[in-house]
Structure formats: structure tokens, C-alpha cells
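Residue numbers (the working numbering): 3 to 71.
Okay, structure coming up:
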């Protein structure tokens, strides 16, 4: 599946649970792992409107700590 469709599916999934400020994000490669709150390409619009919710930082930090062991 092309990356464009994955971004659309992740944004739809985030909308179903309450928005991009609620869902955590994780990108794991062979050497590195990146943990980020919310969906991609949506946070700029939320940040400019001053509607960002830091709630996603808690599950994101939990996933990072589990990954680290």
C-alpha cells in the first residue's frame, strides 16, 4: 500500500477515537525507532489554531519505555 493511503487510513483511525491529539504514533525500523504523538500532517493546523491536546504524549511515552525494555 503506498504511503499516501497509509496516512489517510491513520488519519481516519485517529478521527474515530477522538482526534490526532489522542492517538500515539510509532515508527520502528531496523536500527532506529521514532515515537510521536498524533497523526502526521495534521498537527500544524491544530497548533496554529491553538487546539492541541497533550494527551497523546502519555501513551507515546509508554510505548517508548516498553520499546526500550
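In this text, a Cβ means the ideal position worked out from N, Cα and C, and glycines have one as well.
Please read these numbers as outputs of a predicted model, since none were measured by experiment.
Cβ contact check for the stretch 14-30 and the stretch 51-65: 3 or more pairs under 8 Å: yes
When 50, 35 and 11 are compared against residue 67, the one with the closest alpha-carbon: 35
Range of the contiguous beta strand (DSSP E) that encloses residue 35: Segment 35-39, the beta strand (DSSP E) holding residue 35.
Residue 27, DSSP secondary structure in three states: It is a strand residue.
Backbone CA spacing between residue 10 and residue 31 [nearest angstrom]: 21 Å
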